[in-house]
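Novice:
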């Protein structure tokens, strides 16, 4: 696959980047280099290799899903400018 100047112009327009007319041949060459590299990657045999999400094997730290600071409703509502019936009260915005 080869990227010509017209395709480079269209890619630049779709990417919403301004490329001067004199720079279009260079952009087309760079896009061709990228496509050539991608074609080389497609030739690599990857059968039996699992996809990776990171280059280093990592597992996210997890914690137990437990309530640690529950039953402090009154303390939280102390910060509210207006509280009613155990809830934050806010001004009405819809009639």
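In the working numbering, the protein residues as written are 2 to 96. Even for Gly, the Cβ is constructed at its ideal location relative to N, Cα and C.
May I ask which residues mark the beginning and end of the alpha helix (DSSP H) holding residue 10?
Specialist: That run of the alpha helix (DSSP H) goes 6 to 15.
Novice: With the cut-off set at 9 Å, would you say residue 4 and residue 43 are in Cβ contact?
Specialist: No, these two residues do not count as a Cβ contact at 9 Å.
Novice: Return the chain-ordered ranges of every alpha helix (DSSP H) run that is complete within the segment 62 to 90 and spans a minimum of 4 residues.
Specialist: Runs found: 74 to 78.
Novice: Evaluate residue 90 with the Cβ neighbour count: other Cβ atoms within 10 Å of its Cβ, from every protein chain shown; 16 or more gives buried, anything less gives exposed.
Specialist: The residue is exposed, with fewer than 16 neighbouring Cβ atoms inside 10 Å.
Novice: Is residue 39 helix, strand or coil by DSSP?
Specialist: Reduced to three states, the DSSP call for residue 39 is helix.
Novice: Measuring CA to CA, which of 10, 80, 35 is closest to residue 23?
Specialist: Of 10, 80, 35, the residue nearest in Cα terms is 10.
Novice: Quick one: is residue 61 buried, meaning 16 or more other Cβ sit within 10 Å of its Cβ, or exposed?
Specialist: The residue is exposed, with fewer than 16 neighbouring Cβ atoms inside 10 Å.
Novice: Between residue 51 and residue 76, what straight-line distance do the alpha-carbon atoms span, to the nearest angstrom?
Specialist: Approximately 50 Å, taken between the alpha carbons.
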